[in-house]
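> In the working numbering, the protein residues as written are 1496 to 1700.
Ideal Cβ positions, reconstructed from N, Cα and C, are used throughout, including at glycine.
Supplied in structure tokens, the structure appears directly below.
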Amino acid sequence: VAARLGGLHSARLLLWSVEFAEIARLQHADDWDAAGRILAGAARRLEHAGAEGLLICANTMHRVAPAVEAAVSVPVLHLADITAQALLADGHRSAALLGTRFTMAQPFYRERLERHGLSVSVPTSEEQDVLHQIIFDELVKGRVEPASRERFITIMRRMHTAGAEAVILGCTEFGMLLRAEDAPDIPRVDTTELHCQAAVGWMLA
């Protein structure tokens, strides 16, 4: 907002921070209904506090986006739609989706991207295990391991070579791991950056 408007301008934001240990437990227990109820309750409270639009600030938790959308009357800016629009605007028609195992293996995110006409591929089961472990054992705890960065780049490069025109960094923590100078020849979109840009554009429209 400051970059767009200049001066001392800033965004008017309401934030609800969930207890991640509880959310992670429900994710791994495959209890998405309970996770959805938590986010839906938070969404209702934010709307009651005056929010005019909502962001679910995590790729994986878009698994419960329908529950959130049903709980409120304000728009939810869906990250998969924003990501697809950015890829298409850059001329890409195929992409590799990297994220948590939930995001990669379950259809909720991939199918939403495919609605826009994108061809979406995901890593092998073994590669998904690697990425999931990097996220939950390292990145969410603030650890960035050079060896994990190299494994991440290896997966990116294999999928790009296999035909993915671009790579979707479909986890909010991947920005910690992958630097601008890492594999600059592989087009990628950072969903966290895209979400922020879309939110600012929506707020200032």
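Taking the alpha carbon of residue 1693 as the point to measure from, which residue in 1579, 1542 and 1522 has its own alpha carbon closest?
Walking along the sequence shown from the start, residue 1693 turns up at place 198. Checking every option, the nearest Cα to that of residue 1693 belongs to 1579.
> So, at 7 Å on beta carbons, what are the nonlocal neighbours of residue 1686 in its own chain, with the 5 sequence-adjacent residues on each side left out?
Start at 1 with the first residue of the sequence shown, and residue 1686 comes out as number 191. Contacts found: 1554, 1574, 1578, 1663, 1664 and 1665.
> Leaving out five residues before and five after residue 1536 in sequence, what residues of the same chain have Cβ atoms less than 8 Å from its Cβ?
To locate residue 1536, count along the sequence shown from 1; it is residue 41. The answer, listed in chain order, is 1566.
> What is the rounded straight-line gap between the Cα of residue 1608 and the Cα of residue 1622?
Counted from its first residue, the sequence shown places residue 1608 at position 113. Counted from its first residue, the sequence shown places residue 1622 at position 127. Cα to Cα, the separation comes out at about 21 Å.
> Using the C-alpha atoms, what's the distance from residue 1619 back to residue 1528?
For this step, residue 1528 is matched to residue 33 along the sequence shown. For this step, residue 1619 is matched to residue 124 along the sequence shown. About 27 Å.
> Short check: CB of residue 1660 to CB of residue 1587, under 8 Å?
Start at 1 with the first residue of the sequence shown, and residue 1660 comes out as number 165. Start at 1 with the first residue of the sequence shown, and residue 1587 comes out as number 92. Yes, Cβ-Cβ distance for residue 1660 and residue 1587 is below 8 Å.
> If we call anything under 8 Å between Cβ atoms a contact, is residue 1557 one with residue 1603?
Along the sequence shown, one-based indexing puts residue 1557 at 62. Along the sequence shown, one-based indexing puts residue 1603 at 108. Yes, the Cβ-Cβ distance between residue 1557 and residue 1603 is below 8 Å.
> To which residues of the same chain is residue 1699 closer than 8 Å at the C-beta, ignoring the five residues directly before and after it?
As a working note, residue 1699 is residue 204 in the sequence shown. Around residue 1699: 1496, 1499 and 1500.
> State the Cα-Cα distance for the pair residue 1601 and residue 1593, rounded to the nearest angstrom.
For the purposes of this step, residue 1601 is taken as the residue at position 106 of the sequence shown. For the purposes of this step, residue 1593 is taken as the residue at position 98 of the sequence shown. If I take the Cα positions, the gap works out to 12 Å.
> Under 8 Å, do residue 1680 and residue 1648 count as touching if we go by C-beta distance?
Reading the sequence shown from its first residue, position 185 is the one you call residue 1680. Reading the sequence shown from its first residue, position 153 is the one you call residue 1648. No; because the gap between Cβ atoms is not below 8 Å, this pair is not in contact.
> Could you please give me the residues that DSSP links to residue 1663 through a beta bridge?
Position 168 of the sequence shown holds residue 1663. Residue 1663 pairs with 1592 and 1684.
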